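At position 32 of the sequence shown the residue is numbered 32 (UniProt numbering), and the sequence of numbers has no breaks.
Quick notes on the structure that follows.
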Amino acid sequence: MPAASRSTRSTSKPEKSVLAAKAAGASARKTTASTTTKQAARRKAKAVSPDQRRHYVEVAAYYIAERRGFPGDGTLEDWLQAESEVERLLKDGLLNS
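Quick look at the structure:
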C-alpha cells in the first residue's frame with residue numbers, strides 16, 4: 001500500500017508542474033492577444049475621417065464647456081482639451097469610427 005501512495009504522490013507533482021506550464025503559456029498568449037488588440041485599435045484610429053474626428057471634438061468640447069457652466073472665456077481651452085481627449089480615445093481604440 002505505501003507503494004501506491006508513493007505513485008500517487010509522484011504523479012501529482014508532475015501534474016502541478018504541467019498545470020503551471022499551461023498557465024504560463026495561457027498568460028503569454030493573453031499578452032500577445034492584448035498587444036494584437038492594441039495594434040488593431042491603432043490602425044482603426046487612423047481610419048477615422050477628419051470630419052468624424054472634428055465631430056468628436058465638437059461634442060467633447062460642448063460637454064467640457066457644459067461641466068464648466070458655459071463661461072464664454074474658456075472656449076479655446078475647452079477645444080484643446082477635447083482634442084487631447086479625443087486623440088487619446090482614438091489611440092486607445094475606445095471610440096468607434
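Heads up, the beta-carbon is just placed ideally off N, CA and C, and yes, glycines get one too.
Quick caveat, the model's predicted, so the values are computed rather than measured.
Segment limits, alpha helix (DSSP H) that includes Arg54: Position 54 of the sequence shown, counted from the first residue, corresponds to residue 54. It spans 50-67 - the alpha helix (DSSP H) in which Arg54 sits, taken as one unbroken run.
Coil, strand or helix - Leu95 by DSSP: Along the sequence shown, one-based indexing puts residue 95 at 95. It is coil, neither helix nor strand.
Integer Cβ distance of Glu83 from Val57, believed to fall under 8 Å: Taking the sequence shown and counting its residues from 1, one reaches residue 83 at position 83. Taking the sequence shown and counting its residues from 1, one reaches residue 57 at position 57. 5 Å between Cβ atoms; contact.
Proximal residues to Trp79 (C-beta, below 8 Å), its chain only, five neighbours per side dropped: In the sequence shown, residue 79 corresponds to position 79, counting from 1. Val57, Ala61, listed in sequence order.
Helix, strand or coil at Ala82 according to DSSP, with G and I counted as helix: Sequence index remark: in the sequence shown, residue 82 carries index 82 (1-based). Of the three classes helix, strand and coil, the one that applies to Ala82 here is helix, per DSSP.
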